[in-house]
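Those protein sequence lines, which keep their order, are chains A and B. Read left to right, the first sequence gives residues 2 to 227 (the numbering used here). Read left to right, the second sequence gives residues 2 to 247 (the numbering used here). Glycine is no exception: its CB is placed at the ideal position from the N, C-alpha and C atoms. Input: a single structure, listed below in structure tokens.
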Amino acid sequence: MTTWDRFVETFFNAKVMLKYLPDILSGMVVTIELAVLIVLSGLLAGLVLALLRALAIRPLNWLIIFVVDLFRSLPPLVIIVLIYFGLPAAGVSPSGFVSTWLSLAFVLMAFSEEIFWAGITSIPKGQWEASRSTGLSFGQTLINVVLPQALRLTIPPLTNRTIAITKGTALGTVVAVTEILGQASSAVSNSYNPSPLMMGAAAYLVLFLPVVVASRWIETKFAWKR
Amino acid sequence: MSNPIVDARAIHKHFGPLHVLKGVDLEVVERELVFVIGPSGSGKSTLLRCLNRLEEPSSGSVVVDGIDMLDPRTDINHARQRIGMVFQSFNLYPHMTALGNVTLALRKVAGKSRAEADALGLAALQRVGLADRAGHTPGQLSGGQQQRVAIARAIALEPRVMLFDEPTSALDPELVGSVLEVMRDLRQSGMTMIVVSHEMGFARNAADRVVFMDDGLIVEQGPPAAIFESPAQERTRAFIGQIQRH
Ligand SMILES: Nc1ncnc2c1ncn2[C@@H]1O[C@H](COP(=O)(O)OP(=O)(O)OP(=O)(O)O)[C@@H](O)[C@H]1O
Ligand SMILES: [Mg+2]
């Protein structure tokens, strides 16, 4: 047996790979479910917080800023562990899946709120004034004039941040979520062979590479044209 | 003369410790074109902005077309439809077409259907000579065209008075004429107008009255000829002399 053969036998073992392919695929499904939930709920919550912040109600804004800074400071894994192992003490026992979803959604909420807020505040005052001078209300101006421009500015940084946070679904392994990494590592320990890890890496590439490539395209497409 | 459209009394405005308007009275009657001049920082923009309450006066009263603008019970968004405003920097919505800019308030505030709003919007663009640019975004228009769209956006709501805050100051000299021409047309159609501008030539042949402001007060006012040829106040004379040397 040559070194090369041994390498292939170890890391790309066809028998092992075939055996654990269904597990990896089911892991992909779980990862996709988690990712979709995180992206939808995280971005929506972030947008709602940014809109609330635009109302400029002092105590509310302090609260928003506190929550946002909290979730931007804590490592996502710490949040997952706190929710999964900590909440049961308070009488609620979220599953690993739910813990991971909530944690990463909070983190995405926090970062996206800051990005949405930066977008909203970057719209010149003259846009507000022109709209208000024609009789549109604060809310109408926010929705029809400011937000469409702000969202356009936020798409590139938002895409990057969303991808970075969504990859954190791999942290779910720690709380027994059967996503890609979880499936791959249990396959490794059952087969005494690291090939499933290679499959896991490939699975992440299959899921995220198209998104990353698409984000490049989005970045050029939404570059602001005046 | 006829009834006042704008009746502002004893307007004071403070920005923190800064006393910017120090008791300004301004009455403008129907169809009148009032031209406001004065050195930078004298409070011209602030005065205009107090009239539609973009700026909240610290004290005084503002009545526009019979509506008490400072009464908390006044529906300010409704009242503002009667007061068109044109800004130095155009402030068109860059994500909308020219027609979209003009029809937004027609739909959202005046409650017109999209079809009605489009028809009124096109008519307004027609008045400023830009009906053929209805589908263009601001980025595809010259500065002069953008400012004319901004004027269309205001007149589409059929305001009772139009406020212009240095409408041509941001324009290249060769584009100023087209905007002034639109303003002259508006005046001929009987629009009541308050214009802050440095276009003295326009003031001379279009204004009914020139108001000179300095340091938060109206120093002197009168017909253009009187203000420009024989101002009574030393400060007015100095200011006129200064701008005519340019
Ligand atoms: N929002 C604000 N906050 C604080 N100070 C302000 C504000 N707006 C205007 N000012 C100040 O009020 C004074 C009058 O400003 P205003 O813009 O009304 O002057 P202006 O006559 O329009 O001058 P210009 O010819 O330069 O446009 C200036 O000293 C200005 O710095
Ligand atoms: Mg000004």
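Legend entry - Cβ-Cβ distance between isoleucine 81 of chain A and serine 113 of chain A below 8 Å: Counted from its first residue, the first sequence places residue 81 of chain A at position 80. Counted from its first residue, the first sequence places residue 113 of chain A at position 112. For isoleucine 81 of chain A and serine 113 of chain A, no; Cβs fall outside 8 Å.
Inset, instruction - Please classify tryptophan 1 of chain A: is it buried, with 16 or more other beta-carbons within 10 angstroms of its beta-carbon, or exposed? - result: Residue 1 of chain A cannot be examined here, being either before or after the span of chain A that is shown, 2 to 227.
Inset, instruction - Could you tell me whether the Cβ of valine 9 of chain A comes closer than 8 Å to any Cβ of chain B? - result: As a first step, residue 9 of chain A must be located in the first sequence, where it is residue number 8. For valine 9 of chain A, the answer is no, since every Cβ of chain B falls outside 8 Å of its Cβ.
Inset, instruction - Would you mind sorting threonine 160 of chain A into buried or exposed? The rule is 16 or more other CB atoms within 10 Å of its CB. - result: Working through the first sequence from its first residue, we reach residue 160 of chain A at position 159. Threonine 160 of chain A should be labelled buried.
Inset, instruction - Pick helix, strand or coil for valine 229 of chain A, following the three-state DSSP scheme. - result: Any property of residue 229 of chain A remains undetermined from this structure, which presents chain A solely from 2 to 227.
Inset, instruction - Whole angstroms is fine: what's the gap from glycine 87 of chain A's alpha carbon to leucine 75 of chain A's? - result: In the first sequence, residue 87 of chain A corresponds to position 86, counting from 1. In the first sequence, residue 75 of chain A corresponds to position 74, counting from 1. Straight-line Cα distance between these residues: approximately 15 Å.
Legend entry - Straight-line Cα distance separating glutamine 234 of chain B from isoleucine 12 of chain B: As a working mapping, residue 12 of chain B is identified with position 11 in the second sequence. As a working mapping, residue 234 of chain B is identified with position 233 in the second sequence. Distance between the alpha carbons of isoleucine 12 of chain B and glutamine 234 of chain B is about 22 Å.
Inset, instruction - Within the same chain, show all residues whose beta-carbon is closer than 7 Å to that of glutamine 146 of chain B, passing over the 5 residues directly before and after it, in chain order. - result: In the second sequence, residue 146 of chain B corresponds to position 145, counting from 1. So the qualifying residues of the chain are Leu131, Arg134.
Inset, instruction - Verify the contact flag: glycine 24 of chain B, CB atom, against every heavy atom of ligand 1, threshold strictly below 7 Å. - result: In the second sequence, counting from the first residue as 1, residue 24 of chain B sits at position 23. Every heavy atom of ligand 1 is 7 Å or more from the Cβ of glycine 24 of chain B, so no.
Inset, instruction - Taking 7 Å as the limit, tell me which residues put their C-beta closer than that to any heavy atom of ligand 2, in chain order. - result: The filter returns B:Lys45, B:Ser46, B:Asp166, B:Glu167, B:Val197, in chain order.
Inset, instruction - Rank A:Phe98, A:Leu83, A:Lys20 by C-alpha distance to the C-alpha of leucine 35 of chain A and give the top, closest one. - result: Residue numbering aside, residue 35 of chain A sits at position 34 when the first sequence is read from its first letter. Nearest C-alpha to leucine 35 of chain A: A:Phe98.
Inset, instruction - Would you check if the stretch 215-226 of chain B and the stretch 43-57 of chain B touch, i.e. whether three or more CB-CB distances between them fall below 8 Å? - result: yes
Inset, instruction - Under 6 Å Cβ to Cβ from arginine 217 of chain A, same chain only, skipping five residues before and after it: list those, please. - result: The residue given as residue 217 of chain A occupies position 216 in the first sequence. No residues qualify anywhere along the chain.
Inset, instruction - Along the alpha helix (DSSP H) that carries proline 158 of chain A, what are the first and last residues, could you check? - result: Position 157 of the first sequence, counted from the start, is the residue given in the question as residue 158 of chain A. Per DSSP, the continuous alpha helix (DSSP H) segment holding proline 158 of chain A begins and ends at 148-167.
Inset, instruction - Note down, in chain order, every chain A residue with its Cβ under 8 Å from the Cβ of lysine 265 of chain B. - result: No answer is possible for residue 265 of chain B: it lies beyond the span of chain B, which begins at 2 and ends at 247.
Inset, instruction - Mind checking the stretch 140-173 of chain A against chain B and listing, in chain order, the residues whose C-beta falls within less than 8 Å of any C-beta there? - result: Within the stretch 140-173 of chain A, those residues whose Cβ lies closer than 8 Å to any Cβ of chain B are, in chain order, Gln141, Asn145, Val146, Pro149, Gln150, Arg153.
Legend entry - Supposed close pair alanine 125 of chain B, valine 110 of chain B - CB separation, criterion 8 Å: Working through the second sequence from its first residue, we reach residue 125 of chain B at position 124. Working through the second sequence from its first residue, we reach residue 110 of chain B at position 109. No, alanine 125 of chain B and valine 110 of chain B are not in contact; Cβ-Cβ is about 15 Å, not under 8 Å.
Legend entry - Cβ of arginine 238 of chain B within 8 Å of any chain A Cβ: The count along the second sequence starts at 1 and reaches residue 238 of chain B at position 237. With 8 Å as the cut-off, arginine 238 of chain B does not count as an interface residue toward chain A.
Legend entry - DSSP beta-bridge partners of threonine 193 of chain B: Walking along the second sequence from the start, residue 193 of chain B turns up at place 192. Answer by DSSP bridge pairing, in chain order: B:Val162.
Inset, instruction - Just list the beta strand (DSSP E) runs in the stretch 56-104 of chain B, keeping only unbroken ones of 3 residues or longer that don't cross its boundaries, in chain order. - result: 60-65, 84-87
Inset, instruction - Return yes when the C-beta of glycine 42 of chain B is under 7 Å from any heavy atom of ligand 1, and no when it is not. - result: Working through the second sequence from its first residue, we reach residue 42 of chain B at position 41. Answer for glycine 42 of chain B: yes, Cβ within range of ligand 1.
Inset, instruction - Report the residue from B:Thr193, B:Tyr94, B:Phe36, B:Gly101 whose alpha carbon sits nearest the alpha carbon of arginine 210 of chain B. - result: Position 209 of the second sequence, counting from 1, holds the residue named residue 210 of chain B. Looking at the Cα atoms, B:Phe36 is the closest of the given residues.
Legend entry - Contact set between the stretch 49-68 of chain A and chain B, restricted to residues whose Cβ is under 9 Å from the partner: none
Inset, instruction - Provide the residue span of the beta strand (DSSP E) that contains methionine 2 of chain A, from first to last. - result: By 1-based counting over the first sequence, the position of residue 2 of chain A is 1. Segment: none, methionine 2 of chain A is in no beta strand (DSSP E) and carries neither H nor E.
Legend entry - Residues that serine 134 of chain A contacts on chain B, provided the C-beta gap is smaller than 7 Å: By 1-based counting over the first sequence, the position of residue 134 of chain A is 133. Simply Asn53, Leu55, Arg81, Met86.
Inset, instruction - Find the residues of chain A that neighbour leucine 105 of chain B, judging by a C-beta separation of less than 8 Å, and give them in chain order. - result: In the second sequence, residue 105 of chain B corresponds to position 104, counting from 1. Simply Ser132, Thr135, Leu137, Asn145, Val146.
Legend entry - Candidates B:Met184, B:Phe16, B:Ala106, of which the one nearest alanine 118 of chain B by Cα: To locate residue 118 of chain B, count along the second sequence from 1; it is residue 117. Of the candidates B:Met184, B:Phe16, B:Ala106, the one whose C-alpha sits nearest the C-alpha of alanine 118 of chain B is B:Ala106.
Inset, instruction - Check whether the Cβ atoms of leucine 187 of chain B and isoleucine 156 of chain B lie closer than 8 Å to each other. - result: In the second sequence, counting from the first residue as 1, residue 187 of chain B sits at position 186. In the second sequence, counting from the first residue as 1, residue 156 of chain B sits at position 155. Yes.
Inset, instruction - Report the three-state DSSP secondary structure of aspartate 186 of chain B (helix, strand or coil). - result: Locating residue 186 of chain B in the second sequence gives position 185, where the first residue counts as 1. Aspartate 186 of chain B falls in the helix class under three-state DSSP.
Inset, instruction - Please list the partners that serine 90 of chain B has in chain A, where partner means a Cβ-to-Cβ separation under 7 Å. - result: Taking the second sequence and counting its residues from 1, the one referred to as residue 90 of chain B is at position 89. Per Cβ cutoff of 7 Å: Gly127.
Inset, instruction - Determine the closest residue to alanine 9 of chain B out of B:Ser62, B:Ser198, B:Val87, B:Phe213, with distance taken between C-alpha atoms. - result: Counting from one through the second sequence, the residue named residue 9 of chain B turns up at place 8. That would be B:Ser62, whose Cα lies nearest to the Cα of alanine 9 of chain B.
Legend entry - Chain-ordered neighbours of serine 161 of chain B on chain A, where CB pairs are closer than 8 Å: The residue you call residue 161 of chain B lines up with position 160 of the second sequence. The amino acid occupying residue 161 of chain B in the given sequence is arginine; serine does not appear at that position. The contacting residues do not exist; arginine 161 of chain B stays about 13 Å from chain A at best.
Legend entry - Contact with chain A by valine 64 of chain B, beta-carbon distance below 8 Å: Residue 64 of chain B sits at position 63 when you count from the first residue of the second sequence. For valine 64 of chain B, the answer is no, since every Cβ of chain A falls outside 8 Å of its Cβ.
Legend entry - Interfacial residues, the stretch 108-142 of chain B to chain A, with Cβ spacing under 7 Å: Lys109, Val110, Gly140
Inset, instruction - For glycine 17 of chain B, count neighbouring Cβ atoms within 10 angstroms of its own Cβ and tell me buried if that reaches 16, exposed if not. - result: As a first step, residue 17 of chain B must be located in the second sequence, where it is residue number 16. Answer is exposed; the Cβ neighbour count stays below 16.
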